[in-house]
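S.K.: Each residue of the sequence shown is one higher than the one before, counting from 0 in numbering that gives the first Met the number 0.
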Amino acid sequence: MATICTAGKNHFWAQKKLRTSLLLMACALFPVASNAANLKFLDTSLMSQLSEAEIKSFKQDLGAALGKTPDQEIIHWTSKTSGIQIQAKPRLSFTEGTNECRRTLFKLSKANAKPEYYRFDICRDATQGWHVRDSLISKLSDEDWRLMEGTVTEVLDSDKDNKIPASWFNPVSKGAGVVVPIAYVPQAGVPCREIAISIINSNGGTMDGTYTFCKKGDSWERK
């Protein structure tokens, strides 16, 4: 029987750049339309060691936890059969069309084995089930990210009374976005701002979310 619980922030997430392949985990854990590539090099991965019963248990427990776990908190799941541990951290919540989505980071670990890291977006469908989604945010190019991050920083660094939206546009990808300053909300004497971020792709698809950032040194850190 697997166990699942939630915990606070953990530093290992900040230490990893999680631009790794999502295909194995997506195909194993969630129904997703995808053409499988040659994955023989993953035959010895921790994910490949999970049994069908373990995968089913994890899917059920994760689905229940995603509906109530806030961003930045870690969901812990342990299989008592194989000893494999999975830590899932919802990093970013957003809506895509009418669907609720969560960008989620995963760490798989086991005694005497090298940890594995994955990242993918999971969206809730009309039946309230969670499925891996090839989401708009996952398709942002490096230049899109650079433009968006620059626009976010511009808004965060602006005067605290600023309520004027700032936008970005990438003529190559046709991606665009808008950052709207909502409120200046200092916490314990630290400057903090609430902003809304919208992203629009070339087909008119949208992604929206509201976030709070606080000043830390010369940069801003999301709360």
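Cβ coordinates follow ideal geometry from the N, Cα and C atoms, glycine included.
Please name the residue, chosen from Glu148, Pro164, Ile199, that lies closest to Lys173 on a Cα-to-Cα basis.
M.R.: Ranked by Cα distance from Lys173, the options Glu148, Pro164, Ile199 are led by Ile199.
S.K.: Enumerated in chain order, which unbroken segments of the beta strand (DSSP E) with a length of 3 residues or greater are wholly contained in the stretch 63-147?
M.R.: 73-77, 84-95, 98-108, 115-123, 129-131
S.K.: Can you give the beta carbon distance from Leu258 to Ala112, rounded, assuming they're within the 8 Å contact cut?
M.R.: For the chain, the structure presents residues 0 to 222; residue 258 sits outside this window and is missing.
S.K.: Just checking, does the stretch 164-171 make contact with the stretch 184-191 on the three C-beta pairs under 8 Å criterion?
M.R.: no
S.K.: Under 8 Å between the Cβ atoms of Val153 and Cys122?
M.R.: It is Glu, not Val, that sits at residue 153 in the sequence shown. Their beta carbons are not under 8 Å apart, which means Glu153 does not touch Cys122 by this criterion.
S.K.: Return the first residue and the last residue of the beta strand (DSSP E) that Asp158 is part of.
M.R.: Note, Asp158: premise wrong, no beta strand (DSSP E); not H, not E.
S.K.: Based on DSSP bridge pairs, tell me the residues matched to Thr205.
M.R.: Ile199
S.K.: Quick check: the Cα distance between Thr68 and Phe105, rounded to an integer number of angstroms?
M.R.: 15 Å
S.K.: Less than 8 Å separating the beta-carbons of Ala87 and Thr103?
M.R.: For Ala87 and Thr103, yes; Cβs fall inside 8 Å.
S.K.: Nearest to Ile196 by alpha carbon, out of Arg221, Ile74, Cys213, Val178?
M.R.: Closest by alpha carbon: Val178.
S.K.: Are the C-beta atoms of Gln127 and some chain D residue less than 8 Å apart?
M.R.: Among the chains in the structure shown there is no chain D, since it carries only a single protein chain.
S.K.: Within 10 angstroms of the Cβ of Val189, are there 16 or more other Cβ atoms? Answer buried if so, exposed if not.
M.R.: exposed
S.K.: CA-CA distance, Trp129 and Ser218?
M.R.: 34 Å
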